[in-house]
Amino acid sequence: MVPKRILLIIGGGIAAYKAIELVRLLRKGGYVVRCVLTRAGEQFVTPLTLAALSENKVYTSLFDLKDEVEMGHIQLSREADLVVVAPATADLLAKMAAGMADDLATTLLLATDKPVLAAPAMNVRMWLHAATQRNVATLRGDGVTMIDPDEGEMACGEYGPGRLPEPAAIKNAIDKALGASGAPAALTGQPDFAAADHRPLHGRRILITAGPTHEPIDPVRYIANRSSGKQGFAIAAAAAEAGAEVLLIAGPVALPTPPGVIRVDVETAREMAAEVAQGLPVDAAIMVAAVADWRAADTAAQKIKKDGSGAIAPLALAENPDILAGLAKSPARPPLLIGFAAETNDVLDHAQAKLDRKGCDWIVANDVAADPMGGETNRVHIVSKGGVDSWDRLPKEAVARKLMEKIADELDARVPIDAD
Ligand code: C5P
């Protein structure tokens, strides 16, 4: 089972110290935890403490450009299974309810497409204030799960509701929100969950592109191809099952996101290229997408009209960037770079030529004359400098699993990249 991921946003209140214990409990429970500290939160707990306990980088600023290259704020907000705000201060709740995004924490909360759980903590008068109660009701209406604050004596000397619940109670609410604890049952309670994972791709980061791209011509038309995305999605699923951290950059397809996979949807080749650059560094990149070779040179703002004269359509095409070839030449080239080739004739010759032209390590070639796009099976040949490895026709899921075994063997000799 892939461990569940928590993005923990820590607001600035005296109760922030309890977040430290919460991180410890979550890690012990097998969750992967990434912490975000607000500026006020930094006054109460240090990024260093949280980094040591979460064993992950701690994010504090929206304008940390280095982090933006490694992991954009959109990706950070979406890679988690659950976003937890603890403590959620009156100020943070107000900003969330108003949809403000003026720092990293609020931007992530606005950008996320994942469930959000908030544990408010504040002075009793602030909690009971009509404005706070209105904000809480708004957030509940927006689908945010709220944990009611505990009642008791407060740090400020007053008595009443407003205390942050104990970390164990917050963890219980998190378990409940996710339907389970973060780790497989047998491992729950082992503090060093990460080291106990013996799956072949554990600790590896793998980037996969999949599906077609759509290149707009005008507001109603686009250039596309017949790629279904099935093989790329099966590869992403197999990589996650094998323990890898998987980033799937998908063109427009009607497929569910495989469990444990971080998915970013794009439309055009240029958007795909930008997301690939954002996703680096990785141990391996598998470029399965059928990227459109051309896009409309100028996208018309209005629907292009025919004039009935029978004249040739005024459609000029511009070449799209070759994402695979570009990645092969980039300083951040992944140690293992894999391309796909769909050919209708002379499959192996074309694949060999493509290997050289693109500068990748392997080409996974398949004959699309015998095996039209969108089918359930594939017969592939893995072409590398070392020779050709031809596999029987197999379901796409089986091709994906076999490919993961081969990738794990290949990467075994290499040191994992240090992404954090
Ligand atoms: O050149 P061709 O489209 O046949 O190459 C296929 C391989 O190159 C696939 O791995 C595909 O994902 C990748 N590719 C790309 N960017 C393009 C065209 C193809 O990454 N613009």
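Residue numbers for the sequence shown follow our numbering, beginning at 643 and rising by one.
Even for Gly, the Cβ is constructed at its ideal location relative to N, Cα and C.
Just verifying my parser: in three-state terms, what is the DSSP assignment at residue i?
| i | result |
| --- | --- |
| Ala1012 | coil |
| Met1046 | helix |
| Leu957 | coil |
| Ala682 | coil |
| Ile946 | coil |
| Pro901 | coil |
| Asp998 | helix |
| Ala658 | helix |
| Thr748 | helix |
| Arg720 | helix |
| Gly653 | coil |
| Glu1052 | helix |
| Leu734 | helix |
| Ala932 | strand |
| Leu843 | coil |
| Ala739 | helix |
| Ala993 | helix |
| Thr780 | helix |
| Ala773 | helix |
| Ala753 | helix |
| Arg666 | helix |
Based on DSSP bridge pairs, tell me the residues matched to residue i.
| i | result |
| --- | --- |
| Phe982 | Val1006 |
| Val674 | Arg647 |
| Arg937 | Ala960 |
| His1023 | Ala1007, Ser1032 |
| Pro803 | Glu793 |
| Asp907 | Ala892 |
| Leu849 | Leu889, Ala927 |
| Ile865 | Glu857 |
| Thr702 | DSSP, once it has assigned bridges, lists no residue as partnering Thr702. |
| Pro1037 | Thr1019 |
| Val727 | Ile651, Ala760 |
| Thr787 | Leu759 |
Which residue wins for smallest C-alpha separation from residue i, given the options the options?
| i | options | result |
| --- | --- | --- |
| Glu1052 | Val1041, Ser1026, Ala1040 | Ser1026 |
| Arg999 | Ala1011, Leu966, Val1006 | Leu966 |
| Leu770 | Asp790, Leu759, Glu808, Asp755 | Asp790 |
| Asp744 | Asp935, Arg681, Asn1020, Ala876 | Arg681 |
| Arg868 | Ala934, Val1022, Leu704 | Ala934 |
| Ala1007 | Ile1024, Leu922, Gly1016 | Ile1024 |
| Asp1031 | Met1015, Gln994, Lys1038 | Gln994 |
| Glu883 | Ile716, Glu1047, Cys798, Ala960 | Glu1047 |
| Pro894 | Gly821, Met914, Phe686 | Met914 |
| Ile716 | Leu735, Met738, Thr748, Asp733 | Thr748 |
| Pro858 | Ile1049, Asn962, Ala1042, Met1015 | Asn962 |
| Thr986 | Met1015, Ile980, Ala658, Gly802 | Met1015 |
| Gln944 | Gly794, Ala810, Pro861 | Pro861 |
| Ala815 | Val727, Gly845, Arg847, Thr774 | Val727 |
| Arg846 | Ala926, Ser870, Ala916, Leu979 | Ala926 |
| Gly921 | Thr910, Leu889, Ala938 | Leu889 |
| Lys660 | Lys947, Arg905, Leu806, Trp1004 | Leu806 |
| Arg1035 | Ile1049, Gly1029, Gly1028, Ala1012 | Ala1012 |
| Ile812 | Met768, Ile865, Val725, Leu664 | Leu664 |
| Lys971 | Gly1001, Ile662, Arg720, Pro757 | Gly1001 |
| Ala932 | Gly853, Glu697, Glu917, Gly885 | Gly853 |
| Cys798 | Met768, Asp817, Arg937 | Met768 |
| Gln685 | Glu808, Ala876, Gly654 | Gly654 |
| Ala657 | Thr941, Glu808, Lys699 | Glu808 |
| Ile865 | Ala916, Ala1042, Asp907, Ala911 | Ala911 |
| Gly981 | Ala896, Asp940, Gln873 | Gln873 |
| Pro973 | Ile1005, Arg937, Val924, Ile928 | Val924 |
| Asp792 | Ser719, Ala878, Leu997, Asn765 | Asn765 |
Along the chain, where does the alpha helix (DSSP H) that runs through residue i open and close?
| i | result |
| --- | --- |
| Pro809 | 809-820 |
| Arg767 | 766-770 |
| Asp627 | Outside the shown range of the chain, which is 643 to 1062, sits residue 627, and nothing can be said about it. |
| Glu917 | 911-921 |
| Ala876 | 872-883 |
| Ala694 | 689-696 |
| Gly968 | 965-971 |
Taking the continuous beta strand (DSSP E) assigned at residue i, which residues delimit it?
| i | result |
| --- | --- |
| Leu889 | 887-892 |
| Ala763 | Segment: none, Ala763 is in no beta strand (DSSP E) and carries neither H nor E. |
For a cutoff of 8 Å on Cβ pairs, would you count residue i as touching chain D?
| i | result |
| --- | --- |
| Gln775 | In the structure shown, chain D does not exist; there is a single protein chain. |
For the ligand ZN, is there a heavy atom less than 7 Å away from the beta-carbon of residue i?
| i | result |
| --- | --- |
| Ala995 | The ligand ZN is not part of the structure shown, which contains the ligand C5P as its ligands. |
May I have all residues whose beta carbon comes closer than 5 Å to any heavy atom of the ligand C5P, sorted in chain order? Met929, Ala931, Val933, Asn962, Asp964, Ile965, Leu966, Gly981, Phe982
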